[in-house]
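Student: First, the structure itself, so that you have it in front of you.
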Amino acid sequence: MGIKDLLRFMKPYVEPIHIKNYAGKRVGIDAYSWLHKGAYSCSMELCLDSNSERKLRYIEYFMHRVNLLRYYNVTPVVVFDGGNVPCKAATEKERNKKRNTNRELAMAKLKEGNVNAASELFQRAVNITPVMAHKLIQTLKSENIEFVVAPYEADAQLAYLSNLETEKGGIAAVITEDSDLLTYGCPAVIFKMDREGNGERIELEKVFSAESCKPSFQSFNMKLFTGMCVLAGCDFLPSVPGIGVARAHALVSKYRNIDRILSVLKLEKGDQMPEDYAKSFKDALAVFEHARIYDINTKELKHMKPLPESFLESLDEDLNFLGPEIPSTIVKAIAEGNLNPSTKEAFDKSECSRLPLHPIDPHTIGQLKKSEVPTIKQDNCFSIFGSQNTNKNCTVTRLSDKDKYSNEVTALQKLIMPLETNETMTKPFTFDETHLKVPNNNPFRIRKHEEEISLVQKEETMEEISIVSSGEYIDLNDYMSPINFQEEGSINLLKKRKFENVCLDKVEVTDEQVSGVTEVENCDGLCLNMESQESVKSKIRNSSDLKGSGGSEKKSKKKKESNIRTILSFFSKV
DNA sequence: CCTACGTCTACAT
DNA sequence: TAGACGTAGG
């Protein structure tokens, strides 16, 4: 993805930077790059469409990073990809094909019981779906994080926002892994930001003005730079054989005119060049310059830069390679996360109805890593975890869906508008304190806080019984650990979704007593099944793959266990 | 010197 | 998978 070898070529212009340099500023986030990284940690669950909580780990990953920014008083603006641009369709199709074959291979390995091989293959099969993005958006909404879904490429949207004044919703920099952002003309791009907030920044202004830096761009302007990138090979157009970034840079430096370069190329490499290269080249350039984006202020579809006359004149070719026009109402709904940008249909509510419960809850995160747990005050989201009255029963309540959605419209409007004043004080955040080794004036405060937290956590994790209030829908698959009902051995039925009034009061989670979960015929619910589960378990245990594997036993054991759980929950659905 | 190709690793447990 | 990095060959 992006421009081949561009970052390597631009190395001299890279400067290490910490995100805290953007304190008080708005910074755009290319959602795809964090989604993709986060998805590695739960690729199998995603591919199997498991119902375990683990599947939502990518959201935790994402929110940890969002919270890192908020911790440093940086305002995140998350930008999602929308529909596919037609000229990228071929690339997309191929990727999908590969993913599917990998997924099938993985399934085969899984049936053989070769879990390790399967999970490796699953990693290659992960796909970031609009539904995943939508789930993340639910979380962002509940945390009052600004976001926008681009009509097409997120890169273009980010570039557009980068060149907008802050007052109009502009951003000061973009965090991404994709070198295309430079090609689109983002003045400041931060690559490879790690979990501590360190990243590598390239600023276009510095690139163009640096006086004695290896590859000189002094005679360049944005248009020439974009031209260089396209010459080097981009997602929309592969490069002419033998031309890489360096040669592209040399050509642009020498001729400083795209048309001249194209004719020179034709003379020199005419035989290796496709007939329509020049035409495709101009189309590719146009995508980078005039891509369609969502105008946050007018709430309409717009071109990044207005199309010039000459373009409209040569309208023999339709402009659909930029992505087709979309009616205003639809772009708006897409941008605000209410419509699937690919299908342009509403998201299935059931996909996400019970979603916001876990992922955002700092309490949940806190169980995985020690987190700072400040008291949270928010009106449009659930959440409670007493810092003080942590009774053994971990209670979870939330507003009814009805209340939640009625606020949605107004909440959204607030989201899209730039933040005013200093509401930072009321902002909740969770924070992995390992990051704290760096700054902060008062280490004592932090340590004291840590102690409090660890105390609270001890109490909570020791008590493994959770009380679920009546009326709360329980999906057995939500519990990754084995479930042991009070009336052991008997069949407990749980109705799905629509079931209103109570099914059970206590769910005990233990590690020894593993129980399978299978669907009951002619019954709208789930039940326990000892045997089917046992057989699956032994099958997996006996598989050659799990027996050997040297190295750290503790690690692999844990991994195995978690894999077994995933598989169990998978089998339970079939 | 440059491209193109092979290999490694990210992620986070 | 896609990017980073090293290196064989033009």
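For the first sequence, UniProt numbering assigns the number 1 to the initial residue and increments by one for each residue that follows.
In this text, a Cβ means the ideal position worked out from N, Cα and C, and glycines have one as well.
Tell me, which residues are paired with VAL85 by DSSP?
Tutor: None, per the DSSP bridge assignment.
Student: GLY227 to PRO187, Cα distance in whole Å?
Tutor: 17 Å
Student: State buried or exposed for ASN51, treating a residue as buried only when at least 16 other CB atoms are found within 10 Å of its CB.
Tutor: buried
Student: ASN127 to SER263, Cα distance in whole Å?
Tutor: 40 Å
Student: Return the chain-ordered list of same chain residues with a C-beta closer than 7 Å to the C-beta of ALA150, the five sequence neighbours on each side being excluded.
Tutor: VAL79, PHE80, ASP81, GLY82, ALA156, GLN157, ILE293 and TYR294
Student: Is ALA150 helix, strand or coil when you go by DSSP?
Tutor: coil
Student: Just to confirm, is the Cβ distance from ILE29 to VAL245 under 9 Å?
Tutor: no
Student: Any idea if LEU267 is buried or exposed, counting beta-carbon neighbours within 10 angstroms, 16 or more meaning buried?
Tutor: exposed
Student: Among residues of its own chain, excluding the 5 on either side of TYR13, which ones have a beta-carbon nearer than 8 Å to its beta-carbon?
Tutor: ILE202, GLU203, LYS206, VAL207, ALA210 and CYS213
Student: In the structure shown, what three-state DSSP assignment does LYS299 receive?
Tutor: coil
Student: Can you find a heavy atom of the ligand MN that lies under 8 Å from the Cβ of ARG54?
Tutor: With respect to the ligand MN, the structure shown offers nothing to examine, as it has no ligands at all.
Student: Taking the straight line between their C-alpha atoms, what separation do you get for TYR22 and ILE145?
Tutor: 17 Å
Student: What would DSSP say about THR421, mapped onto helix, strand or coil?
Tutor: Residue confidence is low: THR421 scores 30 on pLDDT, short of 50, so the model does not pin down where it sits. Its coordinate-derived value is still stated next. Three-state result, THR421: coil.
Student: Tell me, to the nearest whole angstrom, how far the beta carbon of TYR58 is from that of ALA154; I am working on the premise that it is less than 8 Å.
Tutor: That belief does not hold up - the Cβ atoms of TYR58 and ALA154 are roughly 17 Å apart, past 8 Å.
Student: Quick check on this structure: which residue in ALA118, TYR184 and HIS36 has the alpha carbon closest to the alpha carbon of LEU136?
Tutor: Here the closest residue by C-alpha is HIS36.
Student: Within 8 Å, do at least three Cβ pairs link the stretch 161-179 to the stretch 82-101?
Tutor: no
Student: Counting Cβ pairs closer than 8 Å, one from the stretch 92-103 and one from the stretch 115-124, do we hit at least three?
Tutor: Taking a contact to require three or more Cβ pairs closer than 8 Å, the stretch 92-103 and the stretch 115-124 qualify as touching.
Student: Which residues does DSSP list as the beta-bridge partners of HIS18?
Tutor: ASN198
Student: Run the CB neighbour count on PRO362, radius 10 Å, all protein chains shown included, and call it buried at 16 or more, exposed below.
Tutor: At PRO362 the pLDDT is 34, less than 50, meaning the model places this residue with poor confidence and gives no usable figure here.
Student: Check whether the stretch 217-224 and the stretch 251-262 are in contact - that is, three or more C-beta pairs closer than 8 Å.
Tutor: The stretch 217-224 makes contact with the stretch 251-262: 3 or more CB pairs, one atom from each, lie closer than 8 Å.
Student: Compute the Euclidean distance between the alpha carbons of GLY169 and PHE220, then round it to the nearest angstrom.
Tutor: When rounded, the separation of the alpha-carbon atoms in GLY169 and PHE220 is 29 Å.
Student: Here's a check: name, in chain order, each residue in its chain whose Cβ is nearer than 7 Å to the Cβ of VAL331, leaving out the five neighbours to either side.
Tutor: PRO151, TYR294, GLU300 and LEU301
Student: Are LYS25 and ALA173 touching if we call contact CB-CB under 9 Å?
Tutor: yes
Student: By how many angstroms is the C-alpha of ILE296 removed from the C-alpha of LEU181?
Tutor: C-alpha separation (whole angstroms): 19 Å.
Student: Could you check what DSSP says for LEU161 in three-state terms: helix, strand or coil?
Tutor: helix
Student: Does LEU307 come out as helix, strand or coil in the three-state DSSP assignment?
Tutor: coil
Student: Could you check if GLU275 is buried or exposed, using at least 16 other CB atoms within 10 Å of its CB as the buried criterion?
Tutor: exposed
Student: How big is the Cα-Cα spacing for LYS344 and PHE321?
Tutor: 19 Å
Student: Apart from the five residues just before and just after LEU7, which ones in its own chain have a Cβ nearer than 6 Å to its Cβ?
Tutor: SER179
Student: According to DSSP, simplified to helix, strand and coil, what is residue 577?
Tutor: Any property of residue 577 remains undetermined from this structure, which presents the chain solely from 1 to 574.
Student: Assign GLU60 to buried or exposed, taking buried as 16 or more other Cβ atoms, counted over all protein chains shown, within 10 Å of its Cβ.
Tutor: GLU60 is buried by the Cβ-count criterion.
Student: Looking only at C-alpha atoms, which of LEU285, GLY199 and VAL131 sits nearest to SER342?
Tutor: Considering only alpha carbons, the answer is VAL131.
Student: Can you give me the Cβ contacts of SER119 inside the same chain, cut-off strictly under 6 Å, excluding the 5 residues immediately before and after it?
Tutor: MET44
Student: Assign LYS11 to one of two classes, buried (16 or more other C-beta atoms within 10 Å of its C-beta) or exposed (fewer than that).
Tutor: exposed
Student: Can you round the beta-carbon distance between ALA284 and CYS234 to whole angstroms, since I take them to be within the 8 Å contact cut?
Tutor: 6 Å
Student: Where do the ends of the beta strand (DSSP E) carrying ALA291 lie?
Tutor: Neither: ALA291 is in no beta strand (DSSP E) and is coded neither H nor E.
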